[in-house]
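Working notes for the structure below.
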Amino acid sequence: ELKVEQNPLFLSMQEGKNYTIYCNYSTTSDRLYWYRQDPGKSLESLFVLLSNGAVKQEGRLMASLDTKARLSTLHITAAVHDLSATYFCAVDMTNTGNQFYFGTGTSLTVIP
Amino acid sequence: GAVVSQHPSRVICKSGTSVKIECRSLDFQATTMFWYRQFPKQSLMLMATSNEGSKATYEQGVEKDKFLINHASLTLSTLTVTSAHPEDSSFYICSARSLYNEQFFGPGTRLTVL
Chain A
5 ELKVEQNPLF LSMQEGKNYT IYCNYSTTSD RLYWYRQDPG KSLESLFVLL SNGAVKQEGR
65 LMASLDTKAR LSTLHITAAV HDLSATYFCA VDMTNTGNQF YFGTGTSLTV IP
Chain B
38 GAVVSQHPSR VICKSGTSVK IECRSLDFQA TTMFWYRQFP KQSLMLMATS NEGSKATYEQ
98 GVEKDKFLIN HASLTLSTLT VTSAHPEDSS FYICSARSLY NEQFFGPGTR LTVL
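Keeping their order, the protein sequence lines are chains A and B.
With the working numbering applied, the first sequence covers 5 to 116.
With the working numbering applied, the second sequence covers 38 to 151.
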């Protein structure tokens, strides 16, 4: 059974600080996604990582993928209040079963 | 970008009734559609995977007779919650995978069973 775990589950940080969210998964996959979810809303796509060593950046967020370690990170630089949301990673099992599994989620609160 | 719609966005029903939720890919053909359930402050749990014209594949622990999935065309999948009970109250989200393996999520349907 595939497990996708995020760390931490809850994160409270001050504006201007940096932090990293980790996503570990238990089986082989070369496709990993990061999403943002605001309360009561559906998912907003942030990043698609399609190969080992992939790194993508958008604004204050940067995501990376290490398929050998089965680890992805989402790094937050100089956080601002607008980044407060829940962040999910998701592993795409297209190659083995066509399933798509979400991580446990990280609830981020940025304090002014 | 590609758009996936869900209808209704919100539904309240009495215990014992059945509720149908539609998921449509508006401007692309979806080879596969997925149904997720999300309880408050929890992650999205994959319920089933459906391919057009074939039976859905359900995840372990999901009752296929309670959550009926019909993938009638390359742009439409429906989830019917049969004989709904209060514990079925949840946020249901569908997603659609395009021919290019991109995945797009619907806005979600909030089901409340009284």
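All residues carry an ideal CB built from backbone N, CA and C; glycine is no exception.
These numbers were taken from a predicted model, which means no experiment stands behind them.
Give a yes or no on whether the C-beta atoms belonging to Val40/B and Arg147/B are separated by under 9 Å.
no
Alpha carbon of Asp42/A to alpha carbon of Lys101/B, nearest angstrom
30 Å
Starting from the N-terminal side, write out each stretch of the beta strand (DSSP E) that is 3 residues or longer and does not extend beyond the stretch 52-120 of chain B.
56-62, 67-75, 81-88, 104-110, 113-118
By alpha-carbon positions, which one of Pro12/A, Arg35/A, Leu36/A ends up nearest to Tyr26/A?
Pro12/A
Residue from His122/B, Ala109/B, Ala67/B, Arg74/B whose Cα sits closest to the Cα of Cys50/B
Cys50/B has its Cα closest to that of His122/B, out of His122/B, Ala109/B, Ala67/B, Arg74/B.
Using the beta-carbon of each residue, which ones in chain B are nearer than 7 Å to Phe106/A?
For Phe106/A, the chain B residues whose C-beta falls within less than 7 Å of its own C-beta are Ser80, Leu81, listed in chain order.
What number of angstroms, rounded off, separates the C-alpha of His108/B from the C-alpha of Phe71/B?
10 Å
Proximal chain B residues relative to Ser46/A, where beta-carbon distance stays under 8 Å
Ile130, Phe142, Gly143, Pro144, Gly145
If distances are taken between C-alpha atoms only, which option among Met84/B, Pro45/B, Ser46/B, Ser62/B comes closest to Gln139/B?
For the record, residue 139/B in the displayed sequence is Glu; it is not Gln. Answer by Cα proximity: Ser62/B.
Which residues DSSP lists as bridging Leu87/A, in chain order:
Residue pairing of Leu87/A in beta bridges, as defined by DSSP: absent, with no partner found.
Chain B residues whose Cβ lies nearer than 8 Å to that of Phe92/A:
The answer, in chain order, is Ser80, Leu81.
Using a Cβ-Cβ cut-off of less than 7 Å, give me the residues of the stretch 67-78 of chain B that come near chain A, in sequence order.
Hits within the stretch, in order: Thr69, Phe71.
Does DSSP put Glu124/B in a helix, a strand or coil?
helix
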